[in-house]
Amino acid sequence: MEKPYVVGIDIGATTAKIGLVDARGTVLVQTAIRSNDTTDPQQFVENLCSAITKLVQKDYDMEQIRGIGIGAPNANYYKGTIENAVNLTWGGQQTIAFAEMITQAIGLPVKITNDANAAAMGEMTYGAARGMKNFIMLTLGTGVGSGIVIDGKLVYGSDGFAGELGHVTMVRNNGRLCGCGKTGCLEAYASATGVARTARELLEATDKQSLLRNIPAEDITSKDVFEAAQQDDALAKDIFDFTGKMLGEAMADFVAFSAPEAIILFGGLIKSGDLIMKPTVESFNSNLMPLWKNKIKVVFSQLKESDAAILGASALAWEA
Numbered sequence: 000m001e002k003p004y005v006v007g008i009d010i011g012a013t014t015a016k017i018g019l020v021d022a023r024g025t026v027l028v029q030t031a032i033r034s035n036d037t038t039d040p041q042q043f044v045e046n047l048c049s050a051i052t053k054l055v056q057k058d059y060d061m062e063q064i065r066g067i068g069i070g071a072p073n074a075n076y077y078k079g080t081i082e083n084a085v086n087l088t089w090g091g092q093q094t095i096a097f098a099e100m101i102t103q104a105i106g107l108p109v110k111i112t113n114d115a116n117a118a119a120m121g122e123m124t125y126g127a128a129r130g131m132k133n134f135i136m137l138t139l140g141t142g143v144g145s146g147i148v149i150d151g152k153l154v155y156g157s158d159g160f161a162g163e164l165g166h167v168t169m170v171r172n173n174g175r176l177c178g179c180g181k182t183g184c185l186e187a188y189a190s191a192t193g194v195a196r197t198a199r200e201l202l203e204a205t206d207k208q209s210l211l212r213n214i215p216a217e218d219i220t221s222k223d224v225f226e227a228a229q230q231d232d233a234l235a236k237d238i239f240d241f242t243g244k245m246l247g248e249a250m251a252d253f254v255a256f257s258a259p260e261a262i263i264l265f266g267g268l269i270k271s272g273d274l275i276m277k278p279t280v281e282s283f284n285s286n287l288m289p290l291w292k293n294k295i296k297v298v299f300s301q302l303k304e305s306d307a308a309i310l311g312a313s314a315l316a317w318e319a
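So the sequence shown is numbered by numbering that gives the first Met the number 0: it starts at 0 and just counts up by one.
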């Protein structure tokens, strides 16, 4: 039987998105399951494979599937493993032979890569990076991920884990503790969770009036900060300014490494639009070497958040 379809999967900290994709890059059908409702990797694999089968068999046949491509935190393209993925409830401080487990459970070849690398592949093939051979993709969600493309190829490094730009150190002394175990990482400041942490710190450090004071500090989310900023809340705007300043400084350093044509921002945090983009670009250009000042494009992803990583991961599956 002809195998004209692949499955692309984007595994995040709270949900795993699954899509059936054809050779033209059309996401034909998709679904999602919780990725944080178990601490057992085997149970998650069973849940995932069950969801794949149900999705495909609604209108198609499993015999038509060529392979599965997966984007996941701390995924190793070379080994097919997920390693020390602390943002996943079933990840933790261990190495999981994830691709092999999926193949054993569902009988299809599987390729896996870092979730941000998958998003970069999707953007390069179908989105804002079409035609670009040198760019950096930054995913601003629960954490900060990155995919680095040089000369049209993703950078994996010697061990498969190159490009963890979310874990460059931004604050050397008394920096925030990051989920990776280090302190002062970009992820601890420029992610959605970082925005919420900044809100709590500023609320405690200042007596400035804010709509955010109507919310218990421990319950504040980046969405709350965005909604307050939309209502012209000064403290909420300060939070975005601080976040953008930190992100722009980091991006300027990244340019010195790979001289990209563009930096593409993707993920839930970009829904805040100019609130995050304006301070980021200002900080970025003010911290660049003169050689690159005002030459590097900073753009939002052109793909729907639900599609980019699915499409990127699906590209892997054609190799499987």
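Where a beta carbon is used, it is the ideal one built from N, C-alpha and C, also for glycine.
As the structure is a computational prediction, the values presented were derived from the model and not from experiment.
Burial state of residue i, where buried means 16 or more other Cβ atoms lie within 10 Å
i, result
"T112", "buried"
"S285", "exposed"
"N75", "buried"
"E217", "exposed"
"T192", "buried"
"F256", "exposed"
"K2", "exposed"
"D114", "buried"
"G11", "buried"
"G328", "The structure shown does not extend to residue 328, since the chain is modelled only from 0 through 319, so no value can be given for it."
"G18", "buried"
"D9", "buried"
"S313", "buried"
"V20", "buried"
"V224", "buried"
"K303", "exposed"
"K53", "exposed"
"V28", "exposed"
"L246", "buried"
"T242", "buried"
"P215", "exposed"
"E186", "buried"
"D398", "For residue 398 there is no data in the structure shown, the boundaries of the chain being 0 and 319."
"L176", "exposed"
Beta-bridge pairing of residue i - partner residues as DSSP gives them
i, result
"Y4", "D21, I64"
"E45", "Partner(s): none; E45 has no beta bridge."
"T94", "E82"
"F299", "L264"
"N113", "A71"
"A15", "I10, I32"
Endpoints, the alpha helix (DSSP H) within which residue i is located
i, result
"S257", "233-257"
"M276", "273-286"
"E226", "221-229"
Enclosing beta strand (DSSP E) for residue i [first to last residue]
i, result
"Q29", "26-33"
"L139", "134-139"
Would you call the region 226-240 and the region 208-216 in contact, with 3 or more CB pairs under 8 Å?
Touching, yes.
Using 8 Å as the Cβ pair cut-off and three pairs as the minimum, do the region 164-171 and the region 92-101 touch?
Taking 8 Å as the limit for Cβ pairs, the verdict is that the region 92-101 does not touch the region 164-171.
At what residue ranges does the region 141-198 contain a whole run of the alpha helix (DSSP H), taking only runs of 4 or more?
Runs found: 186-189.
How do the region 188-202 and the region 233-249 stand: do at least 3 beta-carbon pairs fall below 8 Å, yes or no?
Output reads yes: the region 233-249 touches the region 188-202.
Does the count of Cβ pairs from the region 97-108 and the region 139-159 closer than 8 Å reach three?
Judged by pairs of C-beta atoms under 8 Å, the region 97-108 does not touch the region 139-159, as fewer than three such pairs exist.
Three-pair Cβ contact test at 8 Å for the region 155-164 versus the region 279-298:
Using a Cβ-Cβ distance cut-off of 8 Å, the region 155-164 and the region 279-298 are not in contact, since fewer than three pairs of beta carbons, one from each stretch, lie closer than that value.
Would you check if the region 296-305 and the region 113-130 touch, i.e. whether three or more CB-CB distances between them fall below 8 Å?
Segments in contact, yes.
Touch check for the region 132-147 and the region 259-269: three-plus C-beta pairs under 8 Å?
With contact defined as three or more Cβ pairs closer than 8 Å, the region 132-147 and the region 259-269 are in contact.
Check whether the region 61-68 touches the region 24-39, taking contact to mean three or more Cβ pairs, one atom from each stretch, closer than 8 Å.
Fewer than three beta-carbon pairs drawn from the region 61-68 and the region 24-39 are found closer than 8 Å, and the two stretches are therefore not classed as touching.
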